[in-house]
Amino acid sequence: MCYSNCPDGQSTAKTFLTVYWTPERVELAPLPSWQPVGKNLTLRCQVEGGAPRANLTVVLLRGEKELKREPAVGEPAEVTTTVLVRRDHHGANFSCRTELDLRPQGLELFENTSAPYQLQTFVLPATPPQLVSPRVLEVDTQGTVVCSLDGLFPVSEAQVHLALGDQRLNPTVTYGNDSFSAKASVSVTAEDEGTQRLTCAVILGNQSQETLQTVTIYSFPAPNVILTKPEVSEGTEVTVKCEAHPRAKVTLNGVPAQPLGPRAQLLLKATPEDNGRSFSCSATLEVAGQLIHKNQTRELRVLYGPRLDERDCPGNWTWPENSQQTPMCQAWGNPLPELKCLKDGTFPLPIGESVTVTRDLEGTYLCRARSTQGEVTRKVTVNVLSPRYEIVIITVVAAAVIMGTAGLSTYLYNRQRKIKKYRLQQAQKGTPMKPNTQATPP
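Going by the UniProt record's numbering, the letters in the sequence shown line up with residues 1 to 442, in that order.
As structure tokens, this is what we get:
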């Protein structure tokens, strides 16, 4: 109010003065680092100061969208609201704003905004991750482990941890729209032998899911096949032994060990037929309910002297002159013997070679097979048929056929003549002849 004194009297005047100030603090309560989708989220904003309060409003925002608007009441003023979290809220900014509206007083709208907070939402299914791995692993080998899970959001934020015992694995992770697959190789050594725990843990937001499996690490060398000697002479006694893991059961050449166990033995006297014979030992070990099989094979070499027999070296050949022939004579033995066939000690028979048959090739040859195990001989004869001999043979055969045919014809003619003469004599004596009647069928 203002007063003034003048000669003619006193006068007064009134005016209204509005005192205002903006809030000193506008603060949105911090949001949780992660919020599960489908859960309620409470937003809380506090405002300190600001006048006149009748013109002060508090607004809660998601981005630029108003969630709630209330007058500022109390000191400090507090405004809250609840939001049902959805997937599309992921990455959204939430803030609090004050509005001091003095436009009715001819002034302007004064706004103060809090620092924004970004919301991170997530979905982690209640089902545990699927873990695929071998149940057993052999020492000094590698296996593959795969861990996967569907229904994640946001899948790119999921953390996957794979471990075998204390050994952390380094998986390669492949992401889908809402799923992932983590694949890792695992190597085991003798130090890992026994039962180990395989773990796959998935962490998303402030939650996790875990799957555990057991893997049995085992050591199972291939069985050992032992021969008395890998190379023996014919007639030598040979012992074949098969030895395997103490808990394994072995089979030697298809015959189980008696009694069943990790060792088997076989005795034999070496014969030429045993040369190159394979002795196979199969061992079976049960590991965590699975049967593991290992095999080992050894070959026996039997040394025996040369052999020449009729089957592989015929004793007689007869060939037409000027024809192409290949003399074949195979000697057997170990080591493979050297074979030579000579006529009169000098003229060789070209074994295994194609030759033109001549008169010079005819004769008897002495075939000699020789090796470090001894030697053996066999005589073979080569007969050469000249063209004139072939004509004589053909003529003789043709003559024999003609004479045989003529003789047969004469025999048949004389027989018929005798039969007719006999019947005529019987008719003259008055002996009735029995008619030929056909038997009545039954």
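Ideal placement from N, C-alpha and C gives every residue a C-beta, glycine not left out.
Here the structure is a predicted model, which means the values were calculated and not measured.
Extent of the continuous beta strand (DSSP E) to which residue i belongs
i: residue 183; result: 179-187
i: residue 293; result: 290-307
i: residue 215; result: 207-218
i: residue 145; result: 142-150
i: residue 71; result: 65-71
i: residue 21; result: 21-28
i: residue 110; result: 109-113
i: residue 279; result: 277-287
i: residue 269; result: 263-269
i: residue 46; result: 40-51
i: residue 95; result: 93-101
i: residue 371; result: 363-371
i: residue 444; result: Here the chain comprises residues numbered 1 to 442, so residue 444 is not present and cannot be evaluated.
i: residue 378; result: 374-385
i: residue 233; result: 231-233
i: residue 351; result: Counting along the chain, residue 351 falls outside any beta strand (DSSP E), and DSSP gives it neither H nor E.
i: residue 126; result: No beta strand (DSSP E) holds residue 126; DSSP gives it neither H nor E.
C-beta neighbour in chain C for residue i, strict 8 Å
i: residue 366; result: Note that chain C does not occur in the displayed structure, where there is just one protein chain.
Cut-off 6 Å between Cβ atoms - residues of its own chain near residue i, not counting five sequence neighbours on either side
i: residue 181; result: 148 and 174
i: residue 101; result: 55 and 109
i: residue 371; result: 306, 333, 335 and 337
i: residue 504; result: No statement about residue 504 is possible, as the shown extent of the chain runs from 1 to 442 and does not include it.
i: residue 436; result: In this prediction, residue 436 has a pLDDT of 41, which is less than 50 and means its spatial position is unreliable; nothing more can be read from the coordinates.
i: residue 293; result: 284
i: residue 210; result: 201
i: residue 112; result: 22, 23, 26 and 98
Residue i versus residue j: straight-line alpha-carbon distance, rounded
i: residue 160; j: residue 90; result: 21 Å
i: residue 151; j: residue 45; result: 34 Å
i: residue 289; j: residue 274; result: 39 Å
i: residue 88; j: residue 24; result: 33 Å
i: residue 125; j: residue 287; result: 35 Å
i: residue 442; j: residue 405; result: Here the model assigns residue 442 a pLDDT of 36, short of 50, so the residue's position is not dependable, and the following value carries that caveat. Distance between the alpha carbons of residue 442 and residue 405 is about 42 Å.
i: residue 343; j: residue 402; result: 42 Å
i: residue 187; j: residue 179; result: 27 Å
i: residue 250; j: residue 193; result: 23 Å
i: residue 146; j: residue 167; result: 16 Å
i: residue 33; j: residue 205; result: 8 Å
i: residue 215; j: residue 137; result: 7 Å
i: residue 357; j: residue 322; result: 5 Å
i: residue 75; j: residue 208; result: 41 Å
i: residue 128; j: residue 143; result: 22 Å
i: residue 329; j: residue 255; result: 39 Å
i: residue 21; j: residue 27; result: 17 Å
i: residue 278; j: residue 172; result: 45 Å
i: residue 312; j: residue 189; result: 56 Å
i: residue 352; j: residue 369; result: 15 Å
i: residue 355; j: residue 235; result: 41 Å
i: residue 94; j: residue 62; result: 5 Å
i: residue 309; j: residue 259; result: 44 Å
Residues of its chain near residue i, where Cβ-Cβ distance is below 7 Å and the 5 sequence neighbours each way are ignored
i: residue 238; result: 227, 228, 232, 268, 270 and 300
i: residue 362; result: 382, 383 and 384
i: residue 280; result: 253, 295 and 297
i: residue 84; result: 40
i: residue 195; result: 214 and 216
i: residue 164; result: 186, 196, 198 and 215
i: residue 140; result: 189
Cβ shell of residue i (< 8 Å), same chain only, five flanking positions each side left out
i: residue 66; result: 59 and 60
i: residue 153; result: 37, 87, 90, 121, 122, 123 and 178
i: residue 379; result: 315, 364, 365, 366 and 367
i: residue 263; result: 241, 242, 243, 244, 250 and 257
How do the region 215-232 and the region 241-254 stand: do at least 3 beta-carbon pairs fall below 8 Å, yes or no?
Verdict: yes, contact present.
Evaluate contact between the region 338-345 and the region 316-325, counting only Cβ atoms and requiring at least three cross-stretch pairs below 8 Å.
Output reads no: the region 316-325 does not touch the region 338-345.
The region 129-140 in contact with the region 183-202 per 3-pair CB rule at 8 Å
Because the criterion of three Cβ pairs below 8 Å is met, the region 129-140 and the region 183-202 touch.
Residue ranges of each beta strand (DSSP E) run of no fewer than 3 residues wholly in the region 313-348, ordered along the chain?
The qualifying runs are 316-320, 332-334 and 338-343.
Could you say if the region 71-81 and the region 117-132 meet the contact criterion of at least three C-beta pairs nearer than 8 Å?
Too few Cβ pairs lie closer than 8 Å, so no.
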